[in-house]
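Protein chains in written order, with this note's numbering: chain H, 1 to 253; chain V, 1001 to 1253; chain W, 2001 to 2311; chain D, 3001 to 3311.
Virtual Cβ for every residue (Gly too), placed ideally from N, Cα, C.
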């Protein structure tokens, strides 16, 4: 794999994660448990969509094929997406949405922090802009995981169920593959596996406060970030997300 | 409105009703309360899709613009659909699905029976083929409405709620408008309003057996069969239904 | 009665009434109804636009729409806050919305069916809302007037964004143009209804105007809206769906057709195209969220107890 | 032991065992497990294809797919019926499926991600299933053998339909061609797994073969499947995702790579891509449908009582 292809893949991974998670979070619009959460969820979605514009914009630039960030978002089919399986998972109840968010945020801060040192200044720049938002996100999602985990019996049960369900999708974020190896070698991005120990420590601390038990099984589903085998959920999301662009090709909006 | 336009509109109404309801019913695939219902629902959906092919096929022929039944089904946006609001309503629980089906079936048998006498032999022919299926459908849906209405306290409550919810969408099926007037004048189709008395009698008999109370309010929502104002639900359905044709224009399947 | 006269004198003098000031029970009740209804409208108003967030055509449009809906939730917060100063809690008001005792603006009972509706809602619905709200910045109740100042600023931003969508659509492909016209066709009369029936038919108007809770008559505002909007439609190359529309030199404004008030009262009664869907959606959100609200409260209590115990 | 020997003799003579005949407990248990698992596979197997019914590209394709999934439900009915003759009810078996005590074919734990998967499932998955099922038409247990006769006829029809989709895709636009190859890439090894691990690693095989519950070894069937399928892939112009694939003149069949058996056991343990989703979907259907089943029963009882009372 040449450097350009690897960089394009890497940038799509970053941008597709924020795109897909941003979309999922935006599905909550008007349906949150309290008004403050409606606002907070919209805020997270907004940040993620903004980051998507930067990552996919750079991806399109690196590709050099005349595509735009919107083209990448709106005109690729499911197999060309590089989002991790975690972010594709459906919202479920508010607890599941939050747990997904927390696990993502904790990884996200770690990777963005490392990317601020990227040898590619464009990557470093996007990371620097994004990391502030991500830090705020993880602060909020960790806090809520703790409060709901250590809330009522029902909320505890729901949060533990959410953790159990989502845990098998966490490992993929730390998988290394040839794209990651190429990025690491070029100094553009860290090896994902190298982030795990620190992130695990953070997660352990939060779950302890939340009185939640991290599953012992380290089994991890794979296939999202490589695009080899997404979940069935992603395709359904794309039918919505891409509808207008597909139905009215060539229009300006 | 010239005769050709009116006929095209009328045929789209017939075909869009079966298309949209067939789609809704097909959403149940693999999720019915008992295996026999999985089979029965698939059967109803199949019949409706088959009827759609005939109605929209004839509509395309009448239009004479080189479109096919598939083009009409897969490439019109929501405003060009002529389905009644009733069939666009979401499945809800099994009771709501069944109640929607029963109300539709009872109207459907009446209109198809009348259409067997159509001055247009192509219309009479489709009606003759469809009415056998529709009679079977109404037999089944009426029977289930009765059994669930007069079942447990819970089932009774659910069926009454379904009737209350769907009743305001029933009246639209019997609305007359200029298209209907043109069809009636040409002897192609009966005036919808003329079907109501008989259908009401049937519905009253079934609901009595089902121990369900028909709402007194005759208010009826409008806007589906004219296409003026569909429900928000239809657009979401189309994102799925039309996805592949929109995403891969010009492909053969 | 002396108190009443003094109160009216303060209002006539342009003073602001503040929450701890004495006020007539009718003033309080009318305000609670009006501010509450306004707050509920912001909340329910998230739904028709939320309906298109997942289908926005570009990342930028998605972001703009998200930000707009977020603003609406924010407006809801300000307004509930203003109403709370009158002695009614947000949860109480929410319960009244959910069981139908309190209303929200009927406009949100109309469906959003195409992307052009996002333009039409911004242009016409926010346009009409601003027309209603700008004068309320001078309303007699302090917290309400101050909330309105913040809200109006954002609403006029939203209106411009809506108009921008309409411009893109009206100047786009034939299909987009058709979409834009279709949206105007569906939203024109419902937008006119937003000002309420003619004041001659309105019960509470005179008292509300004396109290400066209501600043203009419904008909004045409707006329102003039409006069402002018709040239915009012309600019867009779209046709207002009213054959009787004509410039009246004598009155210096347009003559126009009244909306179908029977439809208005039908929608108010609960028979709008989306009344059931909207209330179902809000009720579901509230019911599904109960465990979260309970848990947050339980956690806060535990936490407080632990701190006390640790002292 | 005399009974056992007589039983074995009947089987060896090619006689059919019928439900009321004496049979060893192990025979009954093995059959219940096998037929039940097969029935469950038909039921769960509705889901991956059901996933595309709402997105089928043409009315005809939608109808064909619906009919196919309907057939699967029908197969489920026959098979539950056959199992019930062994003294276990459909509801009991369903409960065992839902709480994980009974399995279904692991292949249905793989997702269907593009329309080409509808082709690949028909071509490869139904193809492998038929390979397994055709010999079972001669199985020793009468009701099972008879169910298999009906099922095999429909399955081979399904397989042809799947191949027809693949032909359309492989001969279509570049994107369709890519979709077809992608589907083959994802389904090839899971299809090979459908025959189970090599018989040397399989515990129950010898006894099952003696009882004619199992008619061929897993490896025999897998070889047969590969030999049949590779030329079809070539005909389609698609590449089987196995670099080691080569014709072996000596054995008169292909040499091919083993699937990743670690993955197979992972999926069996519940760690397949869709195990959780599939069981959730089935559990939800069952739970959501409880009130319907209860009501139908209650109605039947009332009705029966009324008839008695009326006599």
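Bridge-paired residues (DSSP) for residue i
i               : result
residue 2254(W) : 2247(W)
residue 2141(W) : 2017(W)
Neighbourhood of residue i by C-beta, 7 Å cutoff - its chain only, sequence neighbours within 5 removed
i               : result
residue 2244(W) : 2255, 2256 and 2257
residue 146(H)  : 206, 209 and 210
residue 3156(D) : 3130
residue 115(H)  : 123, 124, 127 and 189
residue 164(H)  : 215
Spatial neighbours of residue i in its chain, beta-carbon cut-off 8 Å, leaving aside the 5 residues before and after
i               : result
residue 1019(V) : 1048, 1049, 1052, 1056, 1073 and 1083
residue 2055(W) : 2115
residue 3176(D) : 3116, 3168, 3169 and 3170
residue 2098(W) : 2279, 2282, 2283 and 2286
residue 3272(D) : 3106, 3109, 3110 and 3266
residue 3218(D) : 3195, 3196, 3197, 3198, 3199, 3202 and 3205
residue 2264(W) : 2106, 2193 and 2197
Burial state of residue i (16 or more Cβ within 10 Å)
i               : result
residue 2228(W) : exposed
residue 3246(D) : exposed
residue 65(H)   : exposed
residue 3280(D) : exposed
residue 2278(W) : buried
residue 3042(D) : buried
residue 2308(W) : exposed
residue 3306(D) : exposed
residue 3235(D) : exposed
residue 2012(W) : exposed
residue 1239(V) : buried
residue 1005(V) : exposed
residue 79(H)   : buried
residue 3018(D) : exposed
residue 3005(D) : exposed
Cα-Cα separation, residue i to residue j
i               : j               : result
residue 1208(V) : residue 1106(V) : 15 Å
residue 3067(D) : residue 173(H)  : 40 Å
residue 2303(W) : residue 2147(W) : 33 Å
residue 2283(W) : residue 3123(D) : 47 Å
residue 2083(W) : residue 194(H)  : 53 Å
residue 1152(V) : residue 3288(D) : 15 Å
residue 2015(W) : residue 1227(V) : 52 Å
residue 3213(D) : residue 3141(D) : 8 Å
residue 2064(W) : residue 21(H)   : 17 Å
residue 3267(D) : residue 3204(D) : 20 Å
residue 3186(D) : residue 3211(D) : 35 Å
residue 1008(V) : residue 1070(V) : 15 Å
residue 3290(D) : residue 218(H)  : 36 Å
residue 2125(W) : residue 45(H)   : 25 Å
residue 31(H)   : residue 98(H)   : 14 Å
residue 3216(D) : residue 167(H)  : 40 Å
residue 248(H)  : residue 1076(V) : 11 Å
residue 1087(V) : residue 1081(V) : 12 Å
residue 252(H)  : residue 2096(W) : 43 Å
Any non-hydrogen atom of the ligand NAP closer than 7 Å to residue i Cβ
i               : result
residue 1141(V) : In the structure on display, the ligand NAP does not appear, and there are no ligands present to speak of.
Own chain partners of residue i with C-beta closer than 6 Å, once the 5 adjacent residues on each side are dropped
i               : result
residue 3242(D) : 3256 and 3257
residue 3093(D) : 3036
residue 1179(V) : 1006, 1009 and 1010
residue 2151(W) : 2075
Exercise for the section: Determine contact between the segment 240-248 of chain H and the segment 1026-1035 of chain V, defined as no fewer than three beta-carbon pairs at a distance below 8 Å. Expected result: no
Problem - the segment 142-152 of chain H / the segment 98-116 of chain H touching (three or more Cβ pairs under 8 Å) - result: yes
Exercise for the section: Flag this pair as touching only if the segment 178-189 of chain H and the segment 3020-3027 of chain D have three or more C-beta atom pairs under 8 Å; answer yes or no. Expected result: no
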